[in-house]
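Numbered according to the working numbering, the sequence shown spans residues 452 to 1334.
Every residue gets a Cβ at the ideal spot worked out from N, C-alpha and C, and that includes glycine.
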Amino acid sequence: MTDRLSLLALALASTPAAAQEIRTVVALDSGWRFHDGDAPGAQAADFPDEAWAAVTVPHTWNRVGYYRSALGGANREDNVQKRQGVGWYRLHFAIPPGRAPQRHWLEFDGASRTARVWLNGRYLGEHRGGFARFRLDATAAIRETGDNVLVVRVDNTRPEAGGPTADVLPITGDFFVHGGLYRSARLIATAPLHIDMTDSGGPGIRATSTMASTDGAAVDVVVRVANDGARREMGSVKVTLVDRSGRQVATTALPTDLAAGKLVELTGKLAVAAPHLWNGTQDPYLYDLVAELQGADGKVIDRVRQPFGIRTMAVDADRGFLLNGKPYRLRGVGYHQDRDSKGWAISRDDVEQDVATMREMGVNSIRLTHYQHGQDIHDIADRVGLVVWDEIPLVSAWTLGGKTDPDPALVANARQQLTELVRQNQNHAATAIWSIANEVDFGNSFPAFLTGYKDGKAPDPLPLLRELDALAKQDDPSRPTALATCCEGRLFASDVSIPTTAVAADLGGANRYFGWYFGKPADLGPHLDALHAIRPDQPLALTEYGAGGALTIHTDNVLGGPADSRGRAQPEEYESYIHETALAQIEARPWLYATWLWNAFDFATTIRNEGDAQDINTKGLVAYDHATRKDAWYFYKANWNPQPMVHITGKRYVDRAYPVTAVKVYSNTASTELLLNGRSLGVKADCPQKVCVWDSVVLDEGANALVARGADAGGQVEDTAAWNLSPETRRHMVIDTGTLVAGKGNGRVLGSDNWFEGGAVASLDAPADYGKPAIPAEINGTDERDALATYRHGTFSYRVPVADGRYRVTLWFGTPSTQEPGAFDVKGGGRTLLRGFAPAIPVAGAVAQARTFKLRAKSGLALDFIARSGEARVSMIEIERLR
452 MTDRLSLLAL ALASTPAAAQ EIRTVVALDS GWRFHDGDAP GAQAADFPDE
502 AWAAVTVPHT WNRVGYYRSA LGGANREDNV QKRQGVGWYR LHFAIPPGRA
552 PQRHWLEFDG ASRTARVWLN GRYLGEHRGG FARFRLDATA AIRETGDNVL
602 VVRVDNTRPE AGGPTADVLP ITGDFFVHGG LYRSARLIAT APLHIDMTDS
652 GGPGIRATST MASTDGAAVD VVVRVANDGA RREMGSVKVT LVDRSGRQVA
702 TTALPTDLAA GKLVELTGKL AVAAPHLWNG TQDPYLYDLV AELQGADGKV
752 IDRVRQPFGI RTMAVDADRG FLLNGKPYRL RGVGYHQDRD SKGWAISRDD
802 VEQDVATMRE MGVNSIRLTH YQHGQDIHDI ADRVGLVVWD EIPLVSAWTL
852 GGKTDPDPAL VANARQQLTE LVRQNQNHAA TAIWSIANEV DFGNSFPAFL
902 TGYKDGKAPD PLPLLRELDA LAKQDDPSRP TALATCCEGR LFASDVSIPT
952 TAVAADLGGA NRYFGWYFGK PADLGPHLDA LHAIRPDQPL ALTEYGAGGA
1002 LTIHTDNVLG GPADSRGRAQ PEEYESYIHE TALAQIEARP WLYATWLWNA
1052 FDFATTIRNE GDAQDINTKG LVAYDHATRK DAWYFYKANW NPQPMVHITG
1102 KRYVDRAYPV TAVKVYSNTA STELLLNGRS LGVKADCPQK VCVWDSVVLD
1152 EGANALVARG ADAGGQVEDT AAWNLSPETR RHMVIDTGTL VAGKGNGRVL
1202 GSDNWFEGGA VASLDAPADY GKPAIPAEIN GTDERDALAT YRHGTFSYRV
1252 PVADGRYRVT LWFGTPSTQE PGAFDVKGGG RTLLRGFAPA IPVAGAVAQA
1302 RTFKLRAKSG LALDFIARSG EARVSMIEIE RLR
């Protein structure tokens, strides 16, 4: 025990915060002991904790989500930890000696999802909510000398009716709620007369730019002063704005005369001549806002200092987002705070790295989802100029146990978390919007991760939303409220009722996944037009859009079959396709005040078993390791970051399925040249959306070295890729028809559906659902089950770009017992191959059949499938070159 205290004392002595002149701030990050599970009686000061694990804070015991490959992260199936429940932390510490009588406060930046705190065996209080900073008065319990024992019991139990967290938001959601003291903690000492420490975790000062231009600015300030001493105190608060050179550009003095045990809010104004405005990523200029509390003798007894940016923000339904009175289109990403191997226990350096990745992509805004994020991301956003959407964790549901009305305790928790969000972040220049909810408009069309309601009657979200909207305006009338919807305007069955929730906030936000969960990619723009027409006076943003993208899953044609939004067919190329089509529609609608794609990084969730991952939402543009960038990330960089760049897509698709392919390069340079094994394939310029495509590139047998060279006025940039084409694949192509992602071949590489015209696609397999894998059909008569499960049907044709010559073509048909009788024709090589062909229909299950032909190809190989008394169909096509 002595050794532990000595080490902690040494660490505290070396902490710069410990030597601060006014407040004493002691970091409480090292020396903790942790018990994974419940430990009744552990709150006692003399409880034996030597056998507990030694940990540092930030800390979480959870480790969730992994990939089924070596790419994207360090988590594995054998090291994940998804337990949700109780955990205990204990810390022994001593406080620095030699100070005048003080008030002592314990400050926690985040404890999930509830926390109960004891000091030296004395219960200090509880915080219910896993995302906000909170403080507890430790004055009566602390020992000025000797050992202090701090104990925290946290609980991240999944909310259930009657459970210990039933009244703590979020009660559901497509993300994992990690447990622990996952943000930093500290001990703060103040004078008895001090700037308030009980302002819902906020700094006790508030500043709002009520007017700002390059000519002048007006800033309203509020300072809360508390007198926790035993006698009346007189003094004053000096509020000063200091520029980067250290010059005081505005100041005001606010006198106070405060009785013992009382708190007062002092208000004042700062007038700033010729201010330097905070202007987003172009010029994120910050002043220091300093509030100094002076005693009756004029001595400074407390000080709070915060960066502060002078700016105005507004949102217009037609002109979009306005920063300092000028249109400023917000191009952003959604952001979750977890990462591989760390969960929520991330460092400031981690956040710095994430922001650097976003900024390199060209992002100028972040939607902080779906809960309050820490001060690190807000501080960094201020510094680099990222406009922030802040949000509380009211996500998808607000009742449990089939109730149609929320419990009063849950409503109180929602109000508490909104108040904390506002008070803790309203001084940040970057913070622009208070979001009061996400996707609470499912109505009676519930996703699988929500609890159903009796008789299909869903609770009405509007009363709670209106209450939260009013609370946000009361606490901070300077910023608009917003919420994100899922469902308004979408096509549902006639018995589905969707509430209109967008009217409950100032700003509209639409989460829409056309081409992924519903509809077609091209439906996005017209849908946004329709929403804009319904409420032309309400500014609208696209708050989520995107698709899953697996690092190790690839396609040869993004139109070859349907993406499986809840299963495995989530190729990296399809994610890029969705973003390419979405951005074109977004750019054509300048009245959208913002777009936030979903998501910056892959993140943990326990309702997904899809792509190449388990318990990961794969819609990130960067993998869960927050380092491996997917192709779509480079697409946005080419469009949003003017720095010259080129990027060859499909690099991870190394072993190619076809000898002929398209090569796509993202390039924002004036001209781009593509080379294959040293041979130039031509130069392209002014590519639409910065997407340059070389069609029908014939690969060499063996190694294929690709080089893309972009030339610009500033010089030349280049990118490389290395692909492989095996001799067997060059000679023998296999098209897995009707599928976006080819099935596993029997010792060979299969390609996904390609070179088709017309027809529709289907599968014999039962589809996957949230967290539930697809159910494969049994197909007799083949060892190529995966390839034969999918098929193309109707009337359709293939035009395969093979070299002139003779080929053996084998057509495979996988037919289920449910198939309707009917016949069709197949033509190829200038002749009829099958006339009135009717595949055998088994009594039960499914059966495979094959028909083989020898054909001569000239200017490619043509195959035509023509419906007669039944639809044509084909499950796999083999094309083998004859010597």
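Looking at the structure shown, is D827 part of a helix, part of a strand, or coil, going by DSSP? The count along the sequence shown starts at 1 and reaches residue 827 at position 376. Correct three-state label for D827: helix.
Curious, which full-length beta strand (DSSP E) runs of at least 3 residues does the stretch 766-835 contain? 771-774, 781-786, 816-819
State the CB to CB distance for the pair P987 and V766, rounded to an integer number of angstroms; the pair is presumed to be in contact (CB under 8 Å). As a working note, residue 987 is residue 536 in the sequence shown. As a working note, residue 766 is residue 315 in the sequence shown. The Cβ separation is near 14 Å, so there is no contact.
Report the rounded CA-to-CA distance for P910 versus A1051, giving the unit in angstroms. Position 459 of the sequence shown, counted from the first residue, corresponds to residue 910. Position 600 of the sequence shown, counted from the first residue, corresponds to residue 1051. Their Cα atoms are separated by approximately 32 Å.
I'd like to know whether the C-beta atoms of G771 and W729 end up nearer to each other than 8 Å. Start at 1 with the first residue of the sequence shown, and residue 771 comes out as number 320. Start at 1 with the first residue of the sequence shown, and residue 729 comes out as number 278. Cβ distance not < 8 Å, so G771 and W729 don't count as in contact.
Taking all protein chains shown into account, do 16 or more other C-beta atoms lie within 10 angstroms of the C-beta of M1184, making it buried, or fewer, making it exposed? Here the question's residue 1184 lines up with position 733 in the sequence shown. Classification of M1184: buried, given that the 10 Å Cβ count is 16 or more.
Inter-residue Cα distance where the pair is D1220 and R1236: Reading the sequence shown from its first residue, position 769 is the one you call residue 1220. Reading the sequence shown from its first residue, position 785 is the one you call residue 1236. Roughly 21 Å between the two C-alpha positions.
Using only alpha-carbon positions, find the residue among R799, L1284, T850, D1015 that is nearest to K1305. Your numbering for residue 1305 matches position 854 in the sequence shown. When only C-alpha atoms are compared, the closest one is L1284.
Less than 8 Å separating the beta-carbons of D1007 and Y1109? Counting from one through the sequence shown, the residue named residue 1007 turns up at place 556. Counting from one through the sequence shown, the residue named residue 1109 turns up at place 658. Result yes, Cβ atoms of D1007 and Y1109 sit closer than 8 Å.
Please state whether DSSP places H1077 in a helix, a strand or coil. Along the sequence shown, one-based indexing puts residue 1077 at 626. The answer is coil: DSSP assigns H1077 none of H, G, I, E or B.
Does the beta-carbon distance from M1327 to L1215 come in below 8 Å? As a working note, residue 1327 is residue 876 in the sequence shown. As a working note, residue 1215 is residue 764 in the sequence shown. No.
8 Å Cβ cutoff met for V674 and S660: Locating residue 674 in the sequence shown gives position 223, counting from the first residue. Locating residue 660 in the sequence shown gives position 209, counting from the first residue. Not in contact: V674 and S660 (Cβ atoms no closer than 8 Å).
Could you say which of L744, F1275, P621 lies nearest to P1290 if we only look at CA atoms? Position 839 of the sequence shown, counted from the first residue, corresponds to residue 1290. Closest by alpha carbon: F1275.
Exposed unless 16 or more other CB atoms sit within 10 angstroms - verdict on D1063: Taking the first residue of the sequence shown as position 1, residue 1063 is located at position 612. Classification for D1063: buried.
DSSP-derived helix/strand/coil call for N864: Counting from one through the sequence shown, the residue named residue 864 turns up at place 413. N864 falls in the helix class under three-state DSSP.
Quick one: give me the first and last residue of the beta strand (DSSP E) that Q1065 is part of. Along the sequence shown, one-based indexing puts residue 1065 at 614. It spans 1064-1068 - the beta strand (DSSP E) in which Q1065 sits, taken as one unbroken run.
How should K1081 be labelled, buried or exposed, when 16 other C-beta atoms within 10 angstroms of its C-beta is the threshold for buried? Sequence index remark: in the sequence shown, residue 1081 carries index 630 (1-based). Answer is buried; the Cβ neighbour count reaches 16.
Can you tell which of A1164, R474, Y540, Q532 has the C-alpha that lies nearest to the C-alpha of P491? By one-based count along the sequence shown, residue 491 stands at place 40. Closest by alpha carbon: Y540.
If you compare alpha carbons, which of P509, R1199, R484, A865 is closest to D827? Here residue 827 corresponds to residue number 376 of the sequence shown, with the count starting at 1. That would be P509, whose Cα lies nearest to the Cα of D827.
By DSSP, does L459 sit in helix, in strand, or in coil? Here residue 459 refers to the residue found at position 8 of the sequence shown. Since pLDDT at L459 reaches only 36, below the 50 mark, its modelled position is unreliable, and the value read off the structure follows with that caveat. L459 falls in the helix class under three-state DSSP.
Look at the alpha carbon of A469 and the alpha carbon of G580, and state the distance between them as a whole number of angstroms. Position 18 of the sequence shown holds residue 469. Position 129 of the sequence shown holds residue 580. In this predicted model, A469 has a pLDDT of only 30, less than 50, meaning its place in the structure is not dependable; the value taken from the coordinates is given anyway. Rounded to the nearest angstrom, the two C-alpha atoms are 29 Å apart.
Return the first residue and the last residue of the beta strand (DSSP E) that Q699 is part of. Along the sequence shown, read from residue 1 onward, the residue named residue 699 stands at position 248. Run containing Q699: 699-709, per the beta strand (DSSP E) assignment.
Beta-carbon spacing of F582, Y822 below 8 Å: On the sequence shown, residue 582 is found 131 positions in, with the first residue counted as 1. On the sequence shown, residue 822 is found 371 positions in, with the first residue counted as 1. Closer than 8 Å, so yes.
Count the CB pairs spanning the stretch 676-695 and the stretch 782-801 that are closer than 8 Å, and state whether there are at least three. no
Relative to the C-alpha of A1055, which candidate in W1042, I1037, Y1075, E1038 has its C-alpha closest? Position 604 of the sequence shown, counting from 1, holds the residue named residue 1055. The residue with the shortest Cα to Cα distance from A1055 is Y1075.
Have a look at S1203 and L1191 and give me their C-alpha separation to the nearest angstrom. For this step, residue 1203 is matched to residue 752 along the sequence shown. For this step, residue 1191 is matched to residue 740 along the sequence shown. Going from the Cα of S1203 to the Cα of L1191 covers about 6 Å.
Output the boundary residues of the alpha helix (DSSP H) element that contains R657. Stepping through the sequence shown from its first residue, residue 657 is reached at position 206. No alpha helix (DSSP H) contains R657, which is instead part of the beta strand (DSSP E) from 656-663.
In chain order, what residues of the same chain lie with their CB nearer than 7 Å to the CB of R917, ignoring the 5 residues before and after it? For the purposes of this step, residue 917 is identified with residue 466 of the sequence shown, where counting begins at 1. If we look at R917 and ignore the five residues flanking it on each side, its Cβ neighbours are A955.
Option in L744, K1088, E1152 with minimal Cα separation from E705: Position 254 of the sequence shown, counting from 1, holds the residue named residue 705. Note that residue 705 corresponds to Leu in the displayed sequence, not to Glu. Out of L744, K1088, E1152, L744 has the C-alpha closest to the C-alpha of L705.
Is the beta carbon of V676 less than 8 Å from the beta carbon of V715? In the sequence shown, residue 676 corresponds to position 225, counting from 1. In the sequence shown, residue 715 corresponds to position 264, counting from 1. Contact flag set, yes.
Beta-carbon within less than 8 Å of W967's beta-carbon, same chain only, minus the 5 sequence neighbours each way: which residues are those? Translated into the one-based positions of the sequence shown, residue 967 becomes position 516. Excluding residues within five positions, the ones whose Cβ falls inside 8 Å are G997, A998, G999, A1014, S1016, I1029.
Output needed for P972: all residues of its chain with C-beta closer than 8 Å, excluding positions within five of it in sequence on either side, in chain order. Within the sequence shown, the letter at position 521 stands for residue 972. F965, G966, Y1028, I1029, T1032, A1033.
Separation of P1095 from L458, as counted between CA atoms: Position 7 of the sequence shown, counting from 1, holds the residue named residue 458. Position 644 of the sequence shown, counting from 1, holds the residue named residue 1095. Low confidence applies to L458: its pLDDT is 34, below 50, so where it sits in the model is not reliable enough to give any reading.
Name the two residues that bound the continuous beta strand (DSSP E) containing E918. One-based indexing of the sequence shown puts residue 918 at position 467. Not the beta strand (DSSP E): E918 falls in the alpha helix (DSSP H), residues 913-926.
The stretch 827-837 contacting the stretch 609-627, beta-carbon criterion three pairs below 8 Å: no
I need the DSSP call for W1049, collapsed to helix, strand or coil. On the sequence shown, residue 1049 is found 598 positions in, with the first residue counted as 1. Note: W1049 maps to coil in three-state DSSP.
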